[in-house]
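Asks: Can you read through this structure? Questions will come right after.
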Amino acid sequence: MSHLLDLEGVSKRFGGVQAVDQVDFHADQGEIVGVIGPNGAGKTTLFNVVTGFYGPDSGKIRFDGNNLVGLKPNQITKVGIARTFQAVRLFGAMTVLENAMVGQHPRTRAGVFGALFHTSSTRSEEERVQAKAGAALDFFGDRLSPRLNSLASELAYADRRRLEIARAMATEPKLLLLDEPAAGMNPAEKDGLIELIGRLRDEKGYSIVLIEHDMPVISGVSDRVVALDYGKKIAEGTYEEVAANQQVIEAYLGKSATQGQT
Amino acid sequence: MRAALSRDNVRAGLIGGVTVLYLALVGMIERFQDRDVITDVIGLGTLLILIGLAGTGYMASRPPKPRPGRKPVTANPALIGLVAGTTAGVLAGAVILILELLISAGVDVRSVLASVTPGMLSTMEFGLGPVGGALILVGLGAALGAGAGALRLLSDQLRDTVTFTLTAVLLMSLMEPILSAVLDGLSLPDRWLYEGGGLTVLGAVLTVVAAGAGRWFWKEREPQRKEAVALLPADRRTLYRKLAVFAAVAFLVVLPWLVGSFISDVLGTVGLYVLLGLGLNIVVGYAGLLDLGYVAFFAVGAYATGVLTSPASYLVREEGQLFAEKGLTNFWVALPFVVLIAVIIGILIGAPVLRLRGDYLAIVTLGFGEIIRTLVLSDWLAPYLGGAQGLLNVPPPPPEALDLRAPQNVYYLILVFCGIAAFVAWRLSDSRIGRAWAAMREDESVAEAMGVSIIRYKLLAFAMGAGVGSLGGVFFAAKIGSIFPNSFGLLVSINVLSVIILGGLGSIPGVIVGSAVLVGLPELLREFAEFRLLIYGAILVAIMILRPEGLVPNKRRQRELHARDAEAELSVIVTDEATS
Ligand SMILES: Nc1ncnc2c1ncn2[C@@H]1O[C@H](COP(=O)(O)OP(=O)(O)O)[C@@H](O)[C@H]1O
Ligand SMILES: [Mg+2]
């Protein structure tokens with residue numbers, strides 16, 4: 001069986017830094033894959049390469065029968081990959097609802113003519129966009145839906161993270177890439193996040209890759225865990241296997257040991 | 001008192017004093033004195049001095065911006081105003097006194113400072129002679145500075161009412177040409193209100209009472225009104241909004257018959273800037289692409305119209321027989337082609353700058369604007385575009401019955417197309433396209449990650465902006481009847497950008513108000529043409545300080561701006577608490 005997302009020997013270099021080094025990586029339909037590794041390990045860069053923000057220097061990236069290398073980010077979104085950002089990047093001057101509505105962009109097609117003349121197809125499309133965006137927001141219970149007309153910049157921090165996920169959901173993806181979704185959350189919110197990620201797969205049928213530093217979150221949701229260090233994949237397996245891996249322990253200890261000294 | 005005597009306040013006072021002296025030494029105060037604000041009571045020149053001194057106190061007593069890690073100095077704003085205003089008065093008075101001394105010592109001051117005339121000096125001295133004048137400047141500086149500072153002590157409602165009332169008196173007086181024309185047009189008497197170009201005392205008193213009371217009660221009832229509006233059912237609200245738009249349109253329709261042909265002509269010019277502003281607003285306000293070469297589309301609109309319709313044009317001369325017979329040199333037939341040409345040129349200009357962001361984009365577009373101007377001036381294109389001679393005899397849009405010799409009719413023509421352009425801009429902004437633009441403006445990479453094709457939407461913004469803005473050029477050609485290359489300089493780009501920033505980026509009513517203020521007002525002050533750019537600059541600076549979101553801001557941007565302020569303040573409070 002072929003994988004939903006499949007990376008083979010992907011590398012990305014920034015000047016003197018080999019940010020991603022010959023990485024093989026895959027995610028299957030309905031799977032939740034956790035990606036761990038110390039800061040600077042190349043986790044975010046891996047996402048950026050998959051979503052077309054950077055082209056890989058070498059390697060193959062296939063998704064759902066498409067070759068992603070050379071595609072632009074908007075084309076990759078269209079074939080079914082959506083993402084969130086490590087540092088929340090919402091459209092601050094747009095409302096909560098509009099943020100989610102932008103997510104529907106790749107699933108709609110109204111152009112200048114429809115915008116000017118409000119043709120019936122444009123009107124029904126707008127209604128559909130609102131409904132789908134609303135549904136994505138409803139997924140978060142009463143966190144976002146009562147604030148449809150607030151500006152994104154007016155939301156509390158945890159709600160901004162939620163809205164980022166809702167906006168990604170509105171693109172109707174097959175695969176969702178979450179970059180440190182638990183960052184800045186308190187323990188109760190982290191528990192909520194674990195439940196939410198499970199629901200995203202079970203109810204929405206997304207496959208999910210998440211980068212996370214928080215081990216309880218990783219162990220709570222991941223079917224499989226991949227560890228990166230200095231751009232290389234150093235371990236792969238269940239959470240228990242990876243957590244027991246000597247190289248992984250050293251990568252984390254080494255980093256915290258040197259960080260402890262400085 | 002100690003706190004009020006700080007260096008900052010003295011410096012603010014010196015800046016204020018220098019400003020007043022500057023206005024005097026460039027001759028503005030003397031020239032403005034020719035115009036009365038309140039006839040036989042106060043002239044515009046004197047008012048400038050008073051505004052300068054009071055403004056010094058007002059600006060100096062601004063509540064300090066909270067800065068992390070710094071305790072704000074608290075001083076009585078009236079005292080701050082007193083210190084700053086007195087400083088300004090002392091500086092102005094001293095310089096005037098020195099000038100008087102030099103003159104009486106036989107020094108030829110005017111060979112250096114041409115504007116140091118007896119008239120200027122007497123205005124600055126309030127007709128009280130050198131010593132009396134210097135003293136009164138100091139006294140007024142102290143009184144007005146302290147008074148303006150004391151405004152900060154008043155409740156928001158009261159301060160708002162006072163500043164509003166004073167502004168209303170000034171505006172009523174400046175609008176004398178329009179309002180007395182309106183009264184004449186309605187064959188109503190106007191002598192009770194205006195006399196000799198300024199307000200009568202009665203008119204001034206009435207203005208103060210009406211503006212003051214009106215504003216006070218407007219502010220008084222604001223909470224109730226907001227609540228009532230919030231409680232309105234949605235269909236009622238849309239109904240009221242439609243009624244408001246309808247009333248505004250009706251007002252714009254009757255306006256030219258009230259104000260007469262000179263002011264209608266000015267309104268036509270304002271309308272041209274509305275067209276340009278609506279177009280640029282699509283590029284800058286909606287899509288966030290800073291275009292400093294927007295004059296290019298103005299030029300394309302005007303020249304394309306000329307080339308397609310003017311009998312002086314190469315095309316019409318050489319190929320014209322055929323064209324003319326088929327009626328293709330008809331203005332209305334040419335119009336869609338002109339817009340199409342502009343759209344294509346918009347895409348051509350947009351394509352090479354797609355990868356550029358922010359400042360780089362601004363510089364490159366600036367270059368494109370200049371290239372277009374150079375091209376229309378060039379000998380190479382002179383056979384087609386007329387070179388430095390321009391294109392003459394652009395025929396007015398048929399039919400004859402439109403009678404475009406009357407400025408009112410030109411105004412109506414432009415008004416109709418402003419309406420169309422505003423509709424286009426509004427529908428675009430309120431659509432999937434508008435959302436994609438807004439997302440792109442906010443964060444290009446994230447918009448792309450949400451599936452927005454940056455290339456397509458940037459090009460679309462340039463194309464739509466060019467198409468709408470070219471209408472400005474089309475009707476410029478129709479209005480003036482001839483096209484000269486020097487009408488298409490950098491200043492046009494700057495003016496249009498100023499219009500939309502001043503009105504409020506992304507706001508359609510903002511474009512209209514911005515054009516009226518920046519284009520209309522200076523036209524009305526034509527007697528002071530030499531100071532036009534100075535006034536223009538001063539208006540811009542003042543509004544950007546007092547109302548950075550623009551005159552009629554896009555609601556969202558206003559909230560965004562204020563949300564950011566609140567966040568900044570919050571973080572200051574938090575860090576203050578953390579450090580203390
Ligand atoms: N755009 C970039 N330009 C230069 N270096 C980069 C860029 N993005 C990431 N890097 C470098 O690549 C390495 C991996 O970064 P990143 O993928 O963000 O790590 P992680 O997300 O695992 O913390 C780091 O050394 C980082 O400095
Ligand atoms: Mg990262």
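Line by line, the protein sequences give chains A and B. With our numbering applied, the first sequence corresponds to residues 1 to 262, in that order. With our numbering applied, the second sequence corresponds to residues 1 to 580, in that order. C-beta: ideal position from N, C-alpha, C; glycine also.
1. Is the closest heavy atom of ligand 1 to the C-beta of Gly55 of chain A under 7 angstroms?
2. Determine the chain B residues that contact Pro106 of chain A at a beta-carbon separation under 7 angstroms, and present them in chain order.
3. Spell out whether any CB of chain B is found under 8 angstroms from the CB atom of Arg167 of chain A.
4. Taking the beta carbon of Thr167 of chain B as the centre, do at least 16 other beta carbons fall within 10 Å, making it buried, or is it exposed?
5. On the three-state DSSP scale, how would you describe Ser453 of chain B?
6. Please list the partners that Ala110 of chain A has in chain B, where partner means a Cβ-to-Cβ separation under 7 angstroms.
7. Using a Cβ distance threshold of 8 angstroms, determine whether the region 116-127 of chain B contacts the region 53-67 of chain B, with at least three qualifying pairs required.
8. Output the boundary residues of the beta strand (DSSP E) element that contains Gln157 of chain B.
9. So is Leu151 of chain A buried or exposed if we call it buried at 16+ other beta carbons inside 10 Å?
10. Inspect the beta-carbon positions of Val452 of chain B and Ala436 of chain B and report whether they are closer than 8 angstroms.
11. Decide if Lys458 of chain B is buried, meaning its Cβ has at least 16 other Cβ atoms within 10 Å, or exposed.
12. Could you tell me whether the region 190-209 of chain A touches the region 237-246 of chain A, where touching means 3 or more Cβ pairs closer than 8 angstroms?
13. Extract the residue ranges of the alpha helix (DSSP H) inside the region 88-126 of chain A, only unbroken runs of 4 or more that lie entirely within it.
14. Does the distance from the CB of Val300 of chain B to the CB of Ile347 of chain B come in under 8 angstroms?
15. With DSSP as the reference, please indicate the residues paired to Leu199 of chain B in a beta bridge.
16. Quick one: give me the first and last residue of the beta strand (DSSP E) that Lys12 of chain A is part of.
17. With a cut-off of 8 angstroms on the beta carbons, I'd call Phe298 of chain B and Val492 of chain B a contact; round off their distance for me.
18. Less than 7 angstroms between the CB of Gly44 of chain A and some heavy atom of ligand 1, yes or no?
19. Would you kindly work out how many angstroms separate the C-alpha atoms of Glu176 of chain B and Tyr194 of chain B, rounded to a whole number?
20. What number of angstroms, rounded off, separates the C-alpha of Val205 of chain B from the C-alpha of Ala181 of chain B?
21. When the distance is taken between beta carbons, is Ile539 of chain B closer than 8 angstroms to Val517 of chain B?
22. Taking only three categories from DSSP, how would you classify Gly306 of chain B?
23. Using a cut-off of 9 angstroms between C-beta atoms, extract the partners of Gly103 of chain A located in chain B.
24. Which same chain residues, not among the five before or five after Ser604 of chain B, have their C-beta less than 6 angstroms away from its C-beta?
25. Using a Cβ-Cβ distance under 8 angstroms, would Leu505 of chain B count as near chain A?
26. How would you call Asp142 of chain A, buried or exposed, if buried means at least 16 neighbouring beta carbons within 10 angstroms?
27. Helix, strand or coil: which one does DSSP assign to Phe140 of chain A?
28. So, under 8 angstroms CB-CB, Thr200 of chain B and Thr46 of chain B are touching, yes? Tell me the CB distance rounded to an integer number of Å.
29. Residues in the same chain with beta-carbon distance under 6 angstroms from Leu25 of chain B, minus the five sequence neighbours each way, listed in chain order, please.
30. What is the residue span of the alpha helix (DSSP H) that Gln224 of chain B lies within?
31. Please report the distance separating the alpha-carbon of Val474 of chain B from that of Arg559 of chain B.
32. Counting pairs of Cβ atoms below 8 angstroms between the region 240-258 of chain B and the region 386-403 of chain B, do you hit three or more?
33. Strictly under 8 angstroms for the Cβ-Cβ distance: is Ser445 of chain B near chain A by that measure?
34. Please check if any C-beta of chain A sits within less than 8 angstroms of the C-beta of Ala439 of chain B.
35. Please report whether the beta-carbon of Val20 of chain B lies at a distance below 8 angstroms from any beta-carbon of chain A.
36. DSSP on Asp24 of chain A, reduced to helix/strand/coil?
Replies: Let me lay it out:
1. No heavy atom of ligand 1 is found nearer than 7 angstroms to the CB of Gly55 of chain A.
2. Per Cβ cutoff of 7 angstroms: Gly451.
3. Chain B, which has a Cβ nearer than 8 angstroms to the Cβ of Arg167 of chain A, makes this yes.
4. Taking all protein chains in view, the Cβ of Thr167 of chain B is surrounded by fewer than 16 other Cβ atoms within 10 Å, so the residue is classified as exposed.
5. Ser453 of chain B: coil per DSSP, three-state reduction.
6. Contact note: Ala110 of chain A reaches chain B through Ser431 and Arg432, using a C-beta cutoff of 7 angstroms and chain order.
7. Not touching, per the Cβ criterion.
8. In the DSSP assignment, Gln157 of chain B falls outside any beta strand (DSSP E) and lies within the alpha helix (DSSP H) extending over Asp156 to Leu174.
9. Leu151 of chain A should be labelled buried.
10. Taking 8 angstroms as the Cβ cut-off, Val452 of chain B and Ala436 of chain B qualify as a contacting pair.
11. Classification for Lys458 of chain B: buried.
12. Short answer: they don't touch.
13. Within the region 88-126 of chain A, the complete alpha helix (DSSP H) runs of at least 4 residues are 96-103 and 112-117.
14. Going by C-beta atoms, Val300 of chain B is not nearer than 8 angstroms to Ile347 of chain B.
15. Leu199 of chain B is bridged to B:Ile38 and B:Tyr194.
16. Start and end: Leu5 to Phe14.
17. With 8 angstroms as the limit, Phe298 of chain B and Val492 of chain B qualify as a contact, their Cβ atoms being about 6 angstroms apart.
18. According to the sequence provided, residue 44 of chain A is Thr. The question's Gly does not apply to it. Yes, the Cβ of Thr44 of chain A comes within 7 angstroms of a heavy atom of ligand 1.
19. Between the alpha carbons of Glu176 of chain B and Tyr194 of chain B lies a gap of roughly 7 angstroms.
20. So the two alpha carbons sit approximately 21 angstroms from each other.
21. Cβ distance < 8 angstroms, so Val517 of chain B and Ile539 of chain B count as in contact.
22. Of the three classes helix, strand and coil, the one that applies to Gly306 of chain B here is helix, per DSSP.
23. Chain B residues near Gly103 of chain A: Met450 and Gly451.
24. Here chain B has residues from 1 to 580 only, and residue 604 of chain B is not among them.
25. Among the residues facing chain A, Leu505 of chain B is not included, as its CB has no counterpart in that chain under 8 angstroms away.
26. So Asp142 of chain A counts as exposed.
27. Judged by DSSP in its simplified three-state form, Phe140 of chain A adopts coil rather than helix or strand.
28. With 8 angstroms as the limit, Thr200 of chain B and Thr46 of chain B do not qualify as a contact, their Cβ atoms being about 17 angstroms apart.
29. For Leu25 of chain B, where only same-chain residues beyond five positions count, the Cβ hits under 6 angstroms are Leu113 and Ser115.
30. Element bounds for Gln224 of chain B: Glu222 to Leu231.
31. Rounded to the nearest whole angstrom, the CA to CA distance from Val474 of chain B to Arg559 of chain B is 37 angstroms.
32. They do not touch, by the three-pair rule.
33. Chain A, which has a Cβ nearer than 8 angstroms to the Cβ of Ser445 of chain B, makes this yes.
34. It does: the Cβ of Ala439 of chain B has a partner Cβ on chain A nearer than 8 angstroms.
35. It does not; no Cβ of chain A falls within 8 angstroms.
36. Correct three-state label for Asp24 of chain A: strand.
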